[in-house]
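Q: Once you've had a glance at the structure underneath, I'll fire off some questions.
4 protein chains.
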Amino acid sequence: MHVIIDLCVVPLGVGVSVSQYVVACEQIIREAGLKSALHAYGTNIEGEWDVVMAAVKKCHETIHAMGAPRITTTIKLGTRIDRHQTMADKVKSVEDKMS
Amino acid sequence: MHVIIDLCVVPLGVGVSVSQYVVACEQIIREAGLKSALHAYGTNIEGEWDVVMAAVKKCHETIHAMGAPRITTTIKLGTRIDRHQTMADKVKSVEDKMS
Amino acid sequence: MHVIIDLCVVPLGVGVSVSQYVVACEQIIREAGLKSALHAYGTNIEGEWDVVMAAVKKCHETIHAMGAPRITTTIKLGTRIDRHQTMADKVKSVEDKMS
Amino acid sequence: MHVIIDLCVVPLGVGVSVSQYVVACEQIIREAGLKSALHAYGTNIEGEWDVVMAAVKKCHETIHAMGAPRITTTIKLGTRIDRHQTMADKVKSVEDKMS
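Residue numbers (full-length UniProt numbering), protein chains in the order written: chain A, 1 to 99; chain B, 1 to 99; chain C, 1 to 99; chain D, 1 to 99.
Here it is as structure tokens:
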């Protein structure tokens, strides 16, 4: 099952600056061979459900190992069986109608 | 890794009434032996990461099999390694301070 | 416009224990005369859009005033114009089909 | 109060293709003079709290007026008082550490 997710991982108990943890997640996502696109409030990721979700789990494990005692994550997660759709397709479909 | 999540599954392309799909998810969660608590905008679920996430995946597979061509899900997902905390603990911690 | 929301406010830079901030939000919601229901990963709130959103803004202002330098909040937010629906209706609609 | 949000508006009861509604929201955001950045699972928006939230409300009103009987929206919403931070700052802070 192909999935597109939006991932926003928030470590708690480590102060207000959390970018080093976001960087660690980005590296995990890339090492997993997943397509992703960073934005100002999370990261879009696309791939097979099990591979994507294994990367999300590894993000939590890694951020805890980096010293964060608590993590709260928000995920939006889309699947469809009527047709294949990529992250690029979704953005293009809006941009085409804008112009 | 113990996790508490808040799950909100939204099938698209099946009209405005989605409660039968929510019911299917509730049954999947119960059959998985997971503790859960339904609220007006989702369901809290608590358990081992892999068991909880397998149930979420089964929700998507089942709702697609019921005829929904597209699903968008929102998940909040909390882990902590400083101490064990249940869903009941979280609610009690707020309610104790309210009274 | 009537709205049902699920609100989860997460203060950053104040350590791992955030229940006192959740309590402050609960009091703001009650003082606004809004119906609400606490759960393990947020609070459901129901009412007129402007009243609900004013309460959410006051939560941010209050939590900053309590000393939190940064806040990240997740909101799910539902409106419908086909019929009136309360938080209790939504839960009942699922529970009726479960039994 | 300056805010950065991530907005994902999902109309229900209008089939699986929702890009025309996303386009309507993008136009509302631009007409409000707000900075925004579209991604594959929502739109980042930055500005004064009241202006941003008025745009979100207008999105719901407009999408209902376009014929959608029901809407479910997910918003992530960040404020901070320790320093001013833009959407571009947030992305740059991660990208700088990646290289």
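We put the beta carbon where it would ideally sit given N, CA and C, even for glycine.
Since I71(A) and H60(A) are thought to touch, with beta carbons under 8 Å apart, how far apart are those beta carbons, to the nearest angstrom?
A: Right, the Cβ-Cβ distance comes to about 6 Å (below 8 Å), so this counts as a contact.
Q: Using the Cα positions of residue 172(D) and T73(C), report the straight-line distance between them to the nearest angstrom.
A: This structure cannot settle anything about residue 172(D), because the visible part of chain D is limited to 1 through 99.
Q: Kindly list, in the order they appear in chain C, the residues whose Cβ is closer than 8 Å to that of G78(D).
A: Within chain C, the residues near G78(D) are R70, I71, T72, T73.
Q: Closest Cβ-Cβ distance between G13(B) and chain D: below 7 Å?
A: Closer than 7 Å: yes.
Q: Taking a Cβ distance cut-off of 7 Å, strictly less, list which residues of the UniProt domain "Thiamine-binding protein" (6–95) of chain D are near chain B, in chain order.
A: The UniProt domain "Thiamine-binding protein" (6–95) of chain D vs chain B, Cβ under 7 Å: V10, L12, G13, G15, V16, P69, R70, T72, T74.
Q: Work out the CA separation of A88(B) and V56(B) for me, nearest whole Å.
A: Roughly 21 Å between the two C-alpha positions.
Q: Measure the CB-CB distance between Y21(A) and N44(D) and report whether it falls below 7 Å.
A: For Y21(A) and N44(D), no; Cβs fall outside 7 Å.
Q: Have a look at P11(A), W49(A), G33(A) and flag the residue whose alpha-carbon is nearest the alpha-carbon of T79(A).
A: Looking at the Cα atoms, W49(A) is the closest of the given residues.
Q: Flag this pair as touching only if the region 7–19 of chain A and the region 12–29 of chain C have three or more C-beta atom pairs under 8 Å; answer yes or no.
A: Output reads yes: the region 12–29 of chain C touches the region 7–19 of chain A.
Q: For a contact defined as C-beta to C-beta under 9 Å, what are the partners of M1(C) on chain D?
A: Going along chain D in sequence order, the residues near M1(C) (Cβ under 9 Å) are K57, H60, E61, H64.
Q: Assuming contact is defined by CB atoms lying nearer than 7 Å, are V94(B) and S19(C) in contact in what I supplied?
A: Yes, these two residues count as a Cβ contact at 7 Å.
Q: Short check: CB of H64(D) to CB of I81(C), under 7 Å?
A: Going by C-beta atoms, H64(D) is nearer than 7 Å to I81(C).
Q: For Q27(A), is the beta carbon positioned less than 6 Å from some heavy atom of the ligand HEM?
A: Absence of the ligand HEM from the depicted structure is noted, as is the absence of any ligand whatsoever, leaving it without description.
Q: Write down the C-beta distance between residue 106(D) and V51(D) rounded to the nearest angstrom, noting that I regard them as a contact closer than 8 Å.
A: Absent from the model: residue 106(D). The displayed extent of chain D is 1 to 99, so no value can be given.
Q: For L38(C), which residues from the same chain have a beta carbon less than 7 Å from its beta carbon, with the 5 sequence-adjacent residues on both sides left out?
A: Hits under 7 Å: E26.
Q: Return the CA-CA distance between I29(A) and C8(D), expressed in angstroms with no decimal places.
A: Cα to Cα, I29(A) sits roughly 23 Å from C8(D).
Q: Any chance you could list the beta strand (DSSP E) runs of at least 3 consecutive residues sitting entirely within the UniProt domain "Thiamine-binding protein" (6–95) of chain C, in chain order?
A: Segments of the beta strand (DSSP E) lying fully in the UniProt domain "Thiamine-binding protein" (6–95) of chain C: 35–39, 42–48, 70–80.
Q: Tell me which residues share the same chain as M1(C) and place their Cβ nearer than 6 Å to its Cβ, disregarding the 5 neighbours each side in the sequence.
A: So the qualifying residues of the chain are W49, T79.
Q: Please report the straight-line C-alpha distance between V3(A) and E31(A), rounded to a whole angstrom.
A: Between V3(A) and E31(A), the C-alpha separation is close to 18 Å.
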